[in-house]
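These protein sequences, in sequence, are chains C and X.
Read in the numbering used here, the first sequence has 86 at position 86, and its numbers run on one by one without any break.
Numbering-wise, the numbering used here comes out as the position in the second sequence, counting from 1, plus 1000.
Here a beta-carbon is modelled for each residue, glycine too, at the ideal position from N, C-alpha and C.
Because the structure is a prediction, the values reported are computed rather than measured.
Notes to accompany the following structure.
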Amino acid sequence: MVRARVPGLVPVWVAPVAAVTLLCVAAPLLALAGRTDAATLVAAVTSPAARQALTLSLGTALTATAISCLLGFPLALALARWPTRLAALLRPFVLLPLVLPPLVSGLALLFLLGRRGPVGRWLAEAGITLPFTTTAVVIAQVFVAMPFLVVSVEGALRSKGDGHEAVAATLGARPTRIVATVTVPLVAPALRSGLLLCFARALGEFGATAMFAGNAPGTTRTMPLAIYTAFNGAGVDKDAAVALALELVVVAVLVMVASAVRSKR
Amino acid sequence: MRDVRGRSVPGRRRGDGAPDSAPTTETPHQAPAGPVLDARLVARRGALDLDVPLRVAAGEVVALVGPNASGKSTVLQLVAGLLSSRDGWVVLRGTTHAGRPPDRAGRPVRPTAPYRRGIGYLGQDPHVFGHLSVRRNVAYGVTGPRARRRARTDALLDELDLVALADRRADQLSGGEQARVALARALAADPHLLLLDEPLAALDVRAAAGIRTRLAAALAQRRLPAVLVTHDVLDVAALAERVIVLDRGQVADAGPVAGVLGQPRTPFAAALAAVSLVAGSVVDDRFVAESGWQLPLPPRNDPQAAPPPSDSPTAPDRPTGQVWLAVPSDALSLRPAPGGASLRATAGPEAPWPDRTPDAWTWDTTVTGLQETSDGLRAEVAACPGLAAPVARAWVVDRIVAPDARVRVRVDLDRVRVYARTPG
C-alpha cells in the first residue's frame, strides 16, 4: 500500500502544537510517576486494601459496561431509527449525564433511590436498600458512563443507514434476528469503541459513586475513592495515593491497548 | 417453508438467451389464479404525489421507467413494505398486505412487515453482509431443515459462479462479485416476486452485462415475476415484457415493450428508445409538425411505412388528425451542406447527399443546439425542431456546427413512424 505524505495538506503549525499538547497530557503523569519509588509502589499496590479496591473497581466497571450495553444499544437503535423529530427531542436527556457534574448525578440518584425517594421508598418496603451498596456503585457508573456508548452507537447506526436491515427483512428475517445478525455486526467497531469509553469512564467514576454509594472499604470503595481516601485520610501517607493512581493509569492504558490490538485483527 | 411458484401459466414471452429447462429440484405447484401482485400505490412524499396501479402476472417482468423523482423507487418500497401508506392497497397472491382492494369488504389492512411478504429486493447498492462469508450471505434467507438449506445454498452458489468465492468475506469482493452475491442471496430466499431497483446502475459496462444475462436466465428459469426499475433500455429489452412509464407519480404510458418503445408517447420513452418524437398532424400525405415544418409520408399500405406491432391498438391504416411522428435516431443523419462556405476542409470525406429522393428527405439548414445522450451527441437544427440527428464528436471538434455552418439533414422516410396521438 502506498502511504504518501503529501505536502500542503496539513498546516505546518500542526506538528509543534500537537507536540505541546502531548506534553501537556504526559507531563502530569510523569510528575506522578516521579513522585514515588519502586519499593513504595510495590508495597502500596500489593497491600490488601489496594487489591480489594482494584478488584471492586474492575468488577463494578465490567458489570456497569455490560449493563450499559444491554440497555444502551436498544436506546441507540431507537434514537437512530425513530422519527428524527422525536429523537431530537429525546437526545438531550440521554446526553445530560455527560454534561452534569458527577456529584449532581449522584445527588439525583440518591433522591430517586434513597430511602425517602419516590422509588427508594417503594424498594425499602420490599426490603431492598440500594444506597451505599455495591449495586449503588454499579448504578452510578451506568448512569454516568452509558451515554458514551449510546452516542457512539447511534452515530454509527445513522451513518450506515438501514439498507442492510431492509434487505435482511426482505429475506424473511424477523426484527430481532435482523438486529442480532445484521445491525450489531454492522456497527461493531462503534460498539467496541463505545464499550471501551464506557468502561474507562466507569473505572474512573468518582463523584456520583461518592455521593450515592459512599466510601465503605470492600463494598463501595473503588480505586478512585481509595486514592482520594489515601490522599485525604488521616495517618495515611500520600505515597500510597500516588501508587494507587499509577496503578489505575496502568490498568486504563492496558485496557486501551488490548482493545486497539483486538480491533486491528 | 414458502410455496414454489407455478410454472404452468401459458402465454408468457421471454427474451432470448434464456435456457429452456429449469434445473431445480422442486416440484412445480399449480399457480394461484389471478395476478401475483395486484396493487395500487398511493403516497404523498414531499413534492411527489404518487398514484400508480400495478399488476404483475405470474412469470411476468414489468419495467418501471421514468425521469428522476417520478416515484419509481417509492413504488417498490411500498410493494416491499419498506414504506407504508394509508391509501391504496397491496395484494400478493390473493393475500392483502396493505390497504383495502375495491373488491373486498371490511376495514383496510394495516401494512404487514416486509418479512411476511416473501418479496425479494435487489437495489443499486448490493448491501452484502460484509461480516459474513459469501456462503452465509447466500444462506441468510434460506429456510427449512439443514440439509435443504445446504443444498439450496450450494445450488445458488453454483448457478451464479460463486463456488470459488464461497468462503471469502463478502466485503472483500469487487462490485460485480457483490452484485452476484446479492442476486444469489435474493433468489435463495425463494421469493414470490423480485423487486429490482436499478441493480446494474452502479456496475461498469462489462459487469453489468454479465449480471444482466444471469438475471435474465434466473428469472426465466424460475418464471419468477419481477418489477424492474431502470434507466437503461438494455435492461428493458433484455428483461421486461411490459413497460410502465411514470411521470411525477402518475402513469404516463404503459404497455408491451414493443409498443411503448416502438411508438413512444412520452418524451422519456422516446429518449429511452433513441427516437425523436414530434407532435403534429397528417395533411394530404404529409406530416405537419406543430412548429410548421413538413415531411412527406410514404404511400399508404406500404408495409414498411409504419409497422404496428401485432398487439398494438393502433389501426394498420395511416392515422389522421393529431399524430406523433417518431424518427429513430439512426434514420436521421447530418452532413455538410453542398457548397457550405464556412466548412473546414477537414470535415470529412463524405460527399453531400443528393437532393431529395422518394425514400429520403433532406433540409439544408443550420445547427441550433447539441444534446448529449447516453449513446452520443445529437444536433438540433433550425429547419425541423424536434428532430435530433446523431453527429460525430469529431465534427464538433472541427467546428462543423458553428452557428453559420450550413448542414444537410437527411431522413430515411421508410423508417419514420406515424401514429395517433390519443391511444386507441
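Measure the Cβ-Cβ separation of residue i and residue j and say whether it is below 8 angstroms.
i	j	result
C:L90	C:L79	yes
X:V1391	X:L1413	no
X:A1188	X:V1128	no
X:D1171	X:G1130	yes
X:P1225	X:V1056	yes
X:V1425	X:A1240	Missing from the structure shown is residue 1425 of chain X; chain X here goes from 1001 to 1424 and no further.
X:V1109	X:R1100	yes
C:E247	C:L32	no
X:L1054	X:A1039	yes
X:D1232	X:L1196	no
X:T1074	X:L1037	no
C:G114	C:G120	yes
X:V1229	X:L1064	yes
X:V1134	X:A1186	no
X:L1160	X:A1139	no
X:S1374	X:L1332	no
X:S1070	X:D1247	yes
Whole angstroms are fine: how far does the CA of residue j sit from the CA of residue i?
i	j	result
C:S193	X:T1153	35 angstroms
C:L103	C:A210	8 angstroms
X:D1087	X:V1367	49 angstroms
C:V17	C:G161	37 angstroms
C:S47	C:L70	35 angstroms
C:A43	C:A245	14 angstroms
X:R1286	X:G1123	47 angstroms
C:P131	C:P217	15 angstroms
X:A1507	X:G1249	Because chain X is modelled from 1001 through 1424, residue 1507 of chain X falls outside the range shown and cannot be assessed.
X:V1323	X:E1290	10 angstroms
X:V1283	X:Q1294	10 angstroms
X:G1106	X:V1090	15 angstroms
X:A1147	X:L1157	15 angstroms
C:C198	C:P147	8 angstroms
C:E125	C:P185	43 angstroms
X:S1281	X:P1385	15 angstroms
X:P1191	X:Q1178	20 angstroms
X:A1058	X:R1223	7 angstroms
C:L56	C:T181	34 angstroms
C:T183	C:A240	46 angstroms
By the three-class DSSP mapping on this structure, what secondary structure does residue i have?
i	result
X:A1278	The identity of residue 1278 of chain X in the sequence shown is Val, whereas the question assumes Ala. In the structure shown, X:V1278 sits in a strand (DSSP, three-state: E or B).
C:F206	coil
X:V1062	strand
C:T313	Within the shown structure, residues of chain C are numbered from 1 to 265, placing residue 313 of chain C beyond reach of any answer.
X:D1375	coil
C:T60	helix
X:V1293	Strictly speaking, residue 1293 of chain X in this sequence is Trp, with Val absent from that position. Coil, per DSSP.
X:R1100	coil
C:S193	helix
X:A1360	strand
X:S1084	coil
X:Q1322	strand
X:T1365	strand
C:S47	coil
X:Q1250	strand
X:P1197	Residue identity differs from the one stated: residue 1197 of chain X is Asp in this sequence, not Pro. Strand, per DSSP.
X:G1255	strand
X:W1395	helix
My assumption, with CB atoms under 8 angstroms, is that residue i sits in contact with residue j. Please give the rounded CB distance.
i	j	result
C:P97	C:V137	Wrong, their Cβ atoms sit about 16 angstroms apart, outside the cutoff.
X:A1270	X:P1264	4 angstroms
C:L109	C:F212	4 angstroms
X:T1362	X:R1410	5 angstroms
C:A64	C:A202	4 angstroms
X:V1416	X:L1325	6 angstroms
By a C-beta neighbour count over all protein chains shown, 10 Å radius and 16 as the cutoff for buried, is residue i buried or exposed?
i	result
C:W13	exposed
C:E205	buried
C:V20	exposed
C:G72	buried
X:P1102	exposed
C:V142	buried
C:K238	exposed
X:P1113	Checking the displayed sequence, the identity of residue 1113 of chain X turns out to be Ala instead of Pro. Label assigned to X:A1113: exposed.
X:E1372	exposed
C:L22	exposed
X:W1395	buried
C:A169	buried
List, in order along the chain, the chain A residues whose C-beta lies closer than 7 angstroms to that of residue i?
i	result
X:L1082	The chain labelled as chain A is not found among the protein chains of the depicted structure, namely C and X.
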